[in-house]
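Worksheet: one structure, shown below.
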Amino acid sequence: MFQYGCRRGDYKFRLQMSKFLTEEYDDEVDCGELLVTCGATNGLYMVASMLFNRGDTVFIEDPSYFIALEMFGKDLGMNVVPVPRNGEGINIEEFDKVLSEYQRASSHHPTEQRPYWSMVYLIPTFNNPKGTCLSTEKCEQIVKLARKYNILLFCDDVYNLLSYIPGEKPEDKPLPPPRRLFAYDKKTDPDYVGNVISNGSFSKILGPGLRIGWMEAPLKVLDVIENSAFTMSAGGWNNYTSAILASALELGLVSKHLLEKRKKYRDNLDSMYQVFMDDMPPGVKIFKPQGGFFIWIEFPEDIDTEKLRDVCEKEYSVSFVPGKSFSTTGSFGNCARVAITYYERDVLVTAAKKICAAAKTFCKN
Ligand SMILES: Cc1ncc(COP(=O)(O)O)c(C=O)c1O
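See the structure below:
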């Protein structure tokens, strides 16, 4: 564990990860498709920088994880374009037309190093910021589009393991999350070429300071990363922590910890959601997710949540992230993202009550 280690990551860790994920997802995860990373950010950066060039187009959902958006635009000089949407999320018909136009304008020729001309950055399960999940129908449609246009679907799957979907009885373990998009890109399909990456992390389930994650990816993507000078110089990412985690996984400690977290976060979610439902002024919509870290709130159109956030911070010592922060188009100015996991339930309930009190006064004025 003190050596450089195998370039795809410690084998024992990957083996334990495939067993752990297969069980938690209730869906097969193949050890041969895993690569160890230093967390989701590292996985995303490696893919975006090694498989794409400055100026290449990356399609994003609007709203989306704001730091990823900055990484594409500011750090990597990519052309960031929002995916067309309608009331139900991604507008597949429109997106088909947009892809066709952009592909025609692209001068890219697929090579081993750069097999795709563009990528879509998605958070399909327990989305950040909205908490939503892509429907089965949309998952099937978007994989078809990716194959048709030879693009990569990069899924930041960092919240998938935090499912709070209730079992039959209240005391039952929460159910596994909806199937990740990676599983829709079936290797048995005659037109399979490998268009999806599932980018996972221990940051949200164990601790971000560990800086460890994993990627499930098509073999051609793993080859590019494994054979890059970047990986050759460093060896397997985070070899030391991988070896410790391999033992923790083998002993069942991670599954036990995860189950406790899921129950605790579900309690936090239920309690905060109830406060918002009871105490928010009329016309405010509260979206309860089935997993993940966030409650999404939509205030009436004329409410500016950046101003509301300032009032919350100055007068009530609470905060949230205004919706506009997640948009490249300046949309969602009347929305807010509230986190449910960092503090204990009592603190969160008090904070939710304060946000409601601030909103009541703010919406009246
Ligand atoms: C969608 C998404 N991706 C990536 C990250 C960062 O993950 P990591 O700590 O594994 O780099 C976050 C953290 O907020 C996130 O919400």
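So for the sequence shown, our numbering puts the first residue at 28; every next one is plus one.
Note that the Cβ used here is the ideal one computed from N, Cα and C, for glycine as well.
Item: According to DSSP, residues forming a beta bridge with ASP146; Value: Reading off the sequence shown, one finds Met at residue 146, where the question assumed Asp. MET146 pairs with VAL85 and LEU179.
Item: Proximity winner among THR268, VAL251, TRP144 and GLY279, relative to LEU126 (alpha-carbon distances); Value: TRP144
Item: Same chain, Cβ closer than 6 angstroms to SER298, five either side skipped, listed in chain order; Value: ARG372 and VAL376
Item: Cβ-heavy atom distance, VAL185 to ligand 1, below 8 angstroms; Value: yes
Item: Straight-line Cα distance separating LEU103 from MET146; Value: 14 angstroms
Item: Cutoff 8 angstroms; reference ASP250; Cβ partners in own chain excluding five residues on either side; Value: GLU139
Item: Short CB-CB distance (under 9 angstroms) between LYS283 and chain C; Value: The question asks about chain C, but that chain is absent: this structure has only one protein chain.
Item: LEU233 and VAL185 closer than 9 angstroms at C-beta; Value: no
Item: Of the listed residues PHE40, TYR38 and CYS65, nearest to PRO235 (C-alpha basis); Value: CYS65
Item: Minimum length 4: unbroken alpha helix (DSSP H) runs contained in the segment 209-262; Value: 246-253 and 256-261
Item: Host alpha helix (DSSP H) of PHE314 (start-end); Value: From DSSP, PHE314 is part of no alpha helix (DSSP H) but of the beta strand (DSSP E) over 312-314.
Item: Contained alpha helix (DSSP H) runs [length at least 4] in the segment 334-364, N- to C-terminal order; Value: none
Item: Residues that DSSP places opposite SER190 in a beta bridge; Value: GLY318
Item: Proximity test, PHE229 beta-carbon vs ligand 1 heavy atom, cut-off 8 angstroms; Value: yes
Item: Proximity test, ILE322 beta-carbon vs ligand 1 heavy atom, cut-off 8 angstroms; Value: no
Item: Between the CA atoms of PHE347 and SER16 - distance to the nearest angstrom; Value: With the chain covering only 28 through 392, there is no way to say anything about residue 16.
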